[in-house]
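Residue numbers (my numbering): 1349 to 1784.
Where is the CB? At the ideal position from N, CA and C, for every residue including glycine.
The structure presented is a predicted model; accordingly, all values stated were derived computationally and were not measured.
Everything below concerns the one structure shown next.
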Ligand code: CMC
């Protein structure tokens, strides 16, 4: 980061001395006021729950311009990556900063492919869960448990260990998600097959059985690969910040990523794709397009507690570029599978049309986000709703790992330790139980 000539001055109405802070500039985006010395100089903290105005770290991986609706991975627009690259190239880019050439891509593919199998013992761990457990509950456990199965790559000060654990996480997530699905269906696990692509292999592990192999459909494979690309990273979102904070204690990468999986599960974050599809199905069951107006009234009524899932974003105050690409993919997949008249897609388009014209959404700059259409694509592919967030976790793993690695590689990183505005009781004496 570059020191700006500009400085920030904080003054106080009680006449105490103003304090000056340095301002730093990134390559693009808002400058930051460096308030690290604020407490030392004034005895005060800043107060910013929800991080509305706080840059929690310096990063060179992903950039979002929320007003423009722009998303860049290492400088490359998401629209170009989605069309010209596959998920493996995108992963290499996020991890290494540059797109791979053909030899680098082949080498990376090889490394990932040869780490897709999981320790045979992991299935016995998985079998301890109830068959009806939520996939994200299982995934949180399985990813954390990887530290036990792969403890030979948990020395975070060793770059080689960090590399191997990154490859292991990226390679094994599809296997674990597919195993979670198979377990819920009471079907045998399907082992990875090395001559398939990353995404083709995942589809086969999901949908093949020992009695019948699965022929990977090109359109479906490309669509799922695009879902992975679009979800691969998103700068300092809640789960990534969780991974960084958890990892800042020096814990192993599997534990840090498991924390990210747990955070992603929530409906305000990755869980929105599941919640969005459930919402669409519920509107459909209650009368479909004819009832959209009624549903929108509920959404606008703050007392109802109903939100239009898949809409709104903390950073995007314009169309989420991922949602545009996802809508395109949605049309392609539905057409390829002969589902052009899918009622949920029609319903989603109608909800979007009404919302984009409604002053409630216009004034608040609420646009469709990535989750609005991703569920419809996944459902068409045959992925059950309860697995949507696990698919998101699979794709976001590379982003989490890249961000974690960026933090650990920085010699200046410190354990994250926010402070608070304390509003509880001040010191008081314990009264013995009989007198309370
Ligand atoms: N439906 C109805 N009203 C909404 C919605 C929505 N989906 N999103 C925001 N609002 C309203 C909100 O009530 C508030 O209104 P007011 O100013 O009158 O109080 C205003 O818009 C600002 O909302 P906020 O909750 O203060 O904004 P935030 O930045 O804290 O929350 C969000 C962002 C994504 C959590 C929120 O928009 C939301 O809950 N959306 C639905 C869930 C969703 O789709 N999440 C996926 C996000 S993208 C994928 C990912 O990153 O995981």
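Between which two residues does the alpha helix (DSSP H) holding residue 1706 run? The residue labelled residue 1706 in the question sits at position 358 within the chain shown. First-last for residue 1706: undefined, no H or E at that position.
Grouping DSSP H, G and I as helix and E and B as strand, with all else coil, what is residue 1751? Taking the first residue of the chain shown as 1, we reach residue 1751 at position 403. Helix at residue 1751.
Quick check: the Cα distance between residue 1746 and residue 1775, rounded to an integer number of angstroms? If you number the chain shown from 1, residue 1746 lands on position 398. If you number the chain shown from 1, residue 1775 lands on position 427. Cα to Cα, the separation comes out at about 46 Å.
In the structure shown, what three-state DSSP assignment does residue 1648 receive? Within the chain shown, residue 1648 is the residue found at index 300, counting from 1. Three-state result, residue 1648: helix.
Distance CB(residue 1657)-CB(residue 1620) smaller than 8 Å: Here residue 1657 refers to the residue found at position 309 when the chain shown is read from its first residue. Here residue 1620 refers to the residue found at position 272 when the chain shown is read from its first residue. Between residue 1657 and residue 1620, the C-beta spacing is below 8 Å.
Taking the beta carbon of residue 1488 as the centre, do at least 16 other beta carbons fall within 10 Å, making it buried, or is it exposed? Position 140 of the chain shown, counted from the start, is the residue given in the question as residue 1488. With 16 or more Cβ atoms within 10 Å of its Cβ, residue 1488 is classed as buried.
Which residues share a DSSP beta bridge with residue 1411? As a first step, residue 1411 must be located in the chain shown, where it is residue number 63. Residue 1411 is bridged to 1420.
Taking Cβ positions, are residue 1702 and residue 1525 nearer each other than 8 Å? Position 354 of the chain shown holds residue 1702. Position 177 of the chain shown holds residue 1525. Going by C-beta atoms, residue 1702 is not nearer than 8 Å to residue 1525.
Please report the residue range of the alpha helix (DSSP H) in which residue 1483 lies. By one-based count along the chain shown, residue 1483 stands at place 135. 1483 to 1497 is the span of the alpha helix (DSSP H), which, as asked, contains residue 1483.
For residue 1393, the three-state DSSP class (helix, strand or coil): Here residue 1393 is taken as the residue at index 45 of the chain shown, counted from 1. It is coil, neither helix nor strand.
Could you round the C-beta distance between residue 1717 and residue 1671 to whole angstroms and report it? I think they count as a contact, below 8 Å. Residue 1717 sits at position 369 when you count from the first residue of the chain shown. Residue 1671 sits at position 323 when you count from the first residue of the chain shown. Contact flag correct, Cβ pair sits at about 6 Å.
In the DSSP assignment, what residue or residues form a beta bridge with residue 1453? Reading the chain shown from its first residue, position 105 is the one you call residue 1453. The secondary-structure analysis by DSSP pairs residue 1453 with nothing; it has no beta-bridge partner.
So, for residue 1755: in the same chain, excluding its five sequence neighbours on each side, which residues have a beta-carbon less than 8 Å away from its beta-carbon? Here residue 1755 is taken as the residue at index 407 of the chain shown, counted from 1. If we look at residue 1755 and ignore the five residues flanking it on each side, its Cβ neighbours are 1405, 1592, 1595, 1596, 1761.
Are the beta-carbon atoms of residue 1435 and residue 1555 separated by less than 8 Å? Translated into positions along the chain shown, residue 1435 becomes position 87. Translated into positions along the chain shown, residue 1555 becomes position 207. Not in contact: residue 1435 and residue 1555 (Cβ atoms no closer than 8 Å).
What residue range does the alpha helix (DSSP H) around residue 1370 cover? Locating residue 1370 in the chain shown gives position 22, counting from the first residue. First-last for residue 1370: 1367 to 1373, but that is the beta strand (DSSP E), not the alpha helix (DSSP H).
Inter-stretch contact at 8 Å, needing at least 3 Cβ pairs: the region 1677 to 1697 / the region 1438 to 1445: no
So, helix, strand or coil for residue 1745, using DSSP? Looking up residue 1745 in the chain shown gives position 397. Helix, per DSSP.
When the cut-off is 8 Å and only beta carbons count, does residue 1721 lie next to chain C? Given the protein chain composition of this structure (a single chain), no chain C is represented.
Determine, using beta carbons only, whether residue 1587 and residue 1618 come nearer to each other than 8 Å. Position 239 of the chain shown holds residue 1587. Position 270 of the chain shown holds residue 1618. Cβ atoms of residue 1587 and residue 1618: closer than 8 Å.
Can we count residue 1581 as close to the ligand CMC, meaning its CB is less than 7 Å from some heavy atom? On the chain shown, residue 1581 is found 233 positions in, with the first residue counted as 1. The answer is no for residue 1581.
Less than 7 Å between the CB of residue 1719 and some heavy atom of the ligand CMC, yes or no? By one-based count along the chain shown, residue 1719 stands at place 371. Within the cutoff, so yes.
Measuring only the C-alpha atoms, how far is residue 1466 from residue 1456? Taking the chain shown and counting its residues from 1, one reaches residue 1466 at position 118. Taking the chain shown and counting its residues from 1, one reaches residue 1456 at position 108. Rounded to the nearest angstrom, the two C-alpha atoms are 18 Å apart.
Comparing alpha-carbon positions, which option in 1551, 1522, 1559 lies nearest residue 1535? Your numbering for residue 1535 matches position 187 in the chain shown. Cα-wise, what sits closest to residue 1535 is 1559.
Enclosing beta strand (DSSP E) for residue 1351 [first to last residue]: Numbered from its first residue, the chain shown carries residue 1351 at position 3. Per DSSP, residue 1351 belongs to the beta strand (DSSP E) from 1350 to 1358.
With a threshold of 16 other CB atoms inside 10 Å of the CB of residue 1757, please say whether the residue is buried or exposed. Against the chain shown, residue 1757 aligns to sequence position 409. Label assigned to residue 1757: exposed.
In the DSSP assignment, find the alpha helix (DSSP H) that holds residue 1587 and state where it starts and stops. If you number the chain shown from 1, residue 1587 lands on position 239. Segment 1586 to 1595, the alpha helix (DSSP H) holding residue 1587.
Tell me which residue opens and which closes the alpha helix (DSSP H) that residue 1612 is part of. To locate residue 1612, count along the chain shown from 1; it is residue 264. 1601 to 1612 is the span of the alpha helix (DSSP H), which, as asked, contains residue 1612.
At least three beta-carbon pairs within less than 8 Å, the region 1491 to 1499 to the region 1596 to 1613: yes
Quick one: residues in its chain with C-beta nearer than 8 Å to the C-beta of residue 1531, no 5 flanking neighbours on either side, listed in chain order? Mapped onto the chain shown, residue 1531 falls at position 183. So the qualifying residues of the chain are 1474, 1475, 1477, 1479, 1486, 1537.
Going by the beta-carbon positions, is the gap between residue 1464 and residue 1430 smaller than 8 Å? For the purposes of this step, residue 1464 is taken as residue 116 along the chain shown, with counting starting at 1. For the purposes of this step, residue 1430 is taken as residue 82 along the chain shown, with counting starting at 1. No, the pair does not count as a contact, with Cβ atoms beyond the cut-off.
Whole-angstrom distance between residue 1471 and residue 1417, CA atom to CA atom: For the purposes of this step, residue 1417 is identified with residue 69 of the chain shown, where counting begins at 1. For the purposes of this step, residue 1471 is identified with residue 123 of the chain shown, where counting begins at 1. Those two C-alpha atoms are separated by around 42 Å.
In terms of DSSP beta bridges, what is residue 1700 paired with? The residue labelled residue 1700 in the question sits at position 352 within the chain shown. Answer is none; residue 1700 lacks a bridge partner.
Report all residues from its chain with a CB closer than 6 Å to the CB of residue 1648; omit the five preceding and five following residues, and keep chain order. Locating residue 1648 in the chain shown gives position 300, where the first residue counts as 1. Setting aside the 5 residues that flank it on each side, residue 1648 is surrounded in the same chain by 1708, each with a C-beta closer than 6 Å to its C-beta; the list follows chain order.
With a threshold of 7 Å, establish whether the CB of residue 1616 neighbours any heavy atom of the ligand CMC. As a position in the chain shown, residue 1616 is number 268, starting the count at 1. Yes; taking the cut-off as 7 Å, the Cβ of residue 1616 has a heavy atom of the ligand CMC nearer than that.
Could you tell me the boundaries of the alpha helix (DSSP H) in which residue 1730 lies? Taking the first residue of the chain shown as position 1, residue 1730 is located at position 382. It is not in any alpha helix (DSSP H) - residue 1730 carries neither H nor E in the DSSP assignment.
Straight-line Cα distance separating residue 1583 from residue 1589: Taking the first residue of the chain shown as 1, we reach residue 1589 at position 241. Taking the first residue of the chain shown as 1, we reach residue 1583 at position 235. Rounded to the nearest angstrom, the two C-alpha atoms are 9 Å apart.
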